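Below is one structure, written out as structure tokens; the observations come after it.
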Amino acid sequence: MIFSYLLPLAGLSTLVLGQAQQCGINGYDRGRNPAIYFAANTTAPQCKNICAILEGLSFATSTAEECLVYNVTVTGNVIPVISSPYTFYDAPCDLLPPEEVLKARQAEPSCNVLGYDNGLIPAYYYLNSTDSAECKAACTAQECVSFASGADECFLYNMTVTDTVVAMDTSPYAFYDAACEVPATPPTGVARRQVAPLCAQPGWDKGGDVVAYGYYSGITIETCKTACVSRTCGSFAYGSNTCYLYNSTVTDTINFDPTSPINFYDPACDVMTPAPSPTPVTPPA
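In case it helps, mature numbering (1 follows the signal peptide of the UniProt record, and there is no 0) puts the sequence shown at residues -18 to -1, 1 to 267.
So, in structure tokens, the structure goes:
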């Protein structure tokens, strides 16, 4: 067992009379009352015994076999978060069987819950101009436990929907646990041209409010077209191995200039990387 820190325990209070014990609460401490003791490589039974020896009022164990002891009770000190790797107990509690702790973390996913996050632990990542399918695709890292999509925005969270959402039917944001399937996005948003698309039009964007929302360098024109799949993508431009994505169609984006190295395309355009010019061969004399 590795002891990381140990603080004096003078003046510890006893459990509040009549206060219900809190046992097996997954979550995080609020940071107002830091742990008085921390150790790594410590099993849950060992942590409970250490809490008793130190006369702590609560303790926490983790999936990484960490042990934290507190001089305050769980009530008021812990933000409940189902997906947290930390499980908190008031000192007198019996430990929950490991399978019950695991089951609590693997509850059925909550999907398509309209609302807003509760602000306790804000989104750790934000993306603009994405639909729900793109938002789910962004939620692939181990830390991503849930995501929210709406109003062309995407928010990624490291806690479950249950721990994140204040439900509200009028919200434009739908929350999903990472395991959820997302509904197909309706064909709304950017209006697509109903006439023949404009393709390979040389020029520059109009600037001002008409600027690229996405920029990629070192890719092919085929990859650039593939990147323009979001309902928010109205056109793309390509030149010098650089790709630009726009919310508006070519007509609304471009200032035509035949000398520009940049060509603009509506999403329906067919594209092809031009083949290299053949090397002239001098016939034998």
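Just so you know, even glycine gets a beta-carbon here, dropped at the ideal spot from N, CA and C.
Computed from a predicted structure; not experimentally measured.
{"query": "At a threshold of 8 Å, does cysteine 225 count as lining the ligand MN (C-beta to nearest heavy atom)?", "result": "Looking for the ligand MN in the displayed structure turns up nothing, as the structure carries no ligands at all."}
{"query": "With H, G and I counted as helix, E and B as strand and the rest as coil, what does DSSP make of isoleucine 203?", "result": "helix"}
{"query": "Nearest CA to the CA of asparagine 110: which residue from Ser66, Thr233, Phe137?", "result": "Phe137"}
{"query": "So, helix, strand or coil for aspartate 248, using DSSP?", "result": "coil"}
{"query": "What does alanine 130 pair with, by DSSP beta-bridge criteria?", "result": "Phe137, Phe157"}
{"query": "Quick check: cysteine 117 and aspartate 72, are their CB atoms within less than 9 Å of each other?", "result": "no"}
{"query": "The beta strand (DSSP E) with cysteine 5 in it runs from where to where?", "result": "5 to 11"}
{"query": "Of the residues Ala120, Val164, Tyr226, Arg14, which one's Cα is nearest the Cα of glycine 185?", "result": "Tyr226"}
{"query": "Among the residues of its own chain, which have a CB less than 7 Å from the CB of valine 164, if the five just before and after it don't count?", "result": "Ser114, Ala115, Lys118, Tyr158"}
{"query": "Would you identify the three-state DSSP class for alanine 119, choosing helix, strand or coil?", "result": "helix"}
{"query": "Note the first and the last residue of the continuous beta strand (DSSP E) segment covering alanine 21.", "result": "19 to 22"}
{"query": "From the DSSP secondary-structure annotation, give me the bridge partner or partners of asparagine 110.", "result": "Glu135"}
{"query": "Please work out which residues of its chain come closer than 6 Å, Cβ to Cβ, to threonine 45, disregarding the five sequence neighbours upstream and downstream, and give them in chain order.", "result": "Pro67"}
{"query": "Beta-carbon within less than 8 Å of asparagine 237's beta-carbon, same chain only, minus the 5 sequence neighbours each way: which residues are those?", "result": "Gly185, Trp186, Asp187, Lys188"}
{"query": "Would you say tyrosine 52 and asparagine 15 are within 9 Å of each other, going by their C-beta atoms?", "result": "yes"}
{"query": "Relative to the C-alpha of methionine 141, which candidate in Pro62, Pro74, Gly196 has its C-alpha closest?", "result": "Pro62"}
{"query": "Using a 10 Å radius around the Cβ and a threshold of 16 neighbouring Cβ atoms, would you call aspartate 191 buried or exposed?", "result": "exposed"}
{"query": "Determine which residues share a DSSP beta bridge with proline 179 and list them.", "result": "In the DSSP output, where bridge partners are listed per residue, proline 179 has none listed."}
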